[in-house]
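Novice: Handing you this structure, nothing more for now.
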Amino acid sequence: MWRLTGDKVTRIFGFRVNKKLRGKLQTVLEKIEHGHHVFRACAKNAVLRMYEKFSTFLRLEVLSNNLRDFGQKKSLEYLDEVRQTLSAVADRFASFEAEALNVSVDFPLFQRLALPIPSGKTKIPGIKIQDTRMIRLMEVLLHAGTKIGGWRTAQLTR
1 MWRLTGDKVT RIFGFRVNKK LRGKLQTVLE KIEHGHHVFR ACAKNAVLRM
51 YEKFSTFLRL EVLSNNLRDF GQKKSLEYLD EVRQTLSAVA DRFASFEAEA
101 LNVSVDFPLF QRLALPIPSG KTKIPGIKIQ DTRMIRLMEV LLHAGTKIGG
151 WRTAQLTR
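Each residue of the sequence shown is one higher than the one before, counting from 1 in our numbering.
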């Protein structure tokens, strides 16, 4: 998330960076000490918030204090267009996040884990890295280690 520069923020929101850009253009990580971290990205008068709810749901909120930034009108007649525009912003941010947090299983560690382990005269089979459930488990283990709060072994054995 720290690679999220001003240029990328404006691309996510669908704006262009120029000298006349009014409003904020920033990214902030808030409430770290409370354990409920909130990532906030601002561009012009629009804000995107990403946070965890109940430690299992990742929530994205996009809001705008001035719909003219997106070329929209403020009326109930245009509510569907506003929803589609702000939903597109959330989709662009989610795709950026997925690209930034992409885990590749092509490095040698996973290949070594897939090889059988000789123990005396027997061989213990390695993990099946092509199995979808195993890939998801590895993603959880790799991504959860980067969380500020982290995880405990007891949470994995439940």
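The C-beta atom is built at its ideal place from N, Cα and C for all residues, glycine as well. What you are looking at is a predicted structure, and each value in this text was computed from that prediction instead of being measured.
CA-CA distance, residue 115 and residue 95?
Specialist: Straight-line Cα distance between these residues: approximately 33 Å.
Novice: For the region 74 to 91 against the region 51 to 65, are there 3 or more C-beta pairs whose distance is under 8 Å?
Specialist: Flag = yes, the region 74 to 91 and the region 51 to 65 touch.
Novice: Less than 8 Å between the beta carbons of residue 43 and residue 13, yes or no?
Specialist: In this structure, residue 13 lies closer than 8 Å to residue 43 by Cβ.
Novice: Among residues of its own chain, excluding the 5 on either side of residue 28, which ones have a beta-carbon nearer than 7 Å to its beta-carbon?
Specialist: Closer than 7 Å at Cβ, skipping near neighbours: 40.
Novice: Pick out whichever of 31, 38, 8, 85 has its Cα sitting closest to the Cα of residue 25.
Specialist: Of 31, 38, 8, 85, the residue nearest in Cα terms is 8.
Novice: Please classify residue 100 as buried or exposed, where buried requires at least 16 other C-beta atoms within 10 Å of its C-beta.
Specialist: Exposed.
Novice: With DSSP as the reference, please indicate the residues paired to residue 108 in a beta bridge.
Specialist: BP columns for residue 108 are empty, so no partner.
Novice: Identify every residue that forms a DSSP beta bridge with residue 83.
Specialist: Answer is none; residue 83 lacks a bridge partner.
Novice: If the criterion is Cβ atoms closer than 8 Å, does the pair residue 73 and residue 79 meet it?
Specialist: No, they are not a contact pair.
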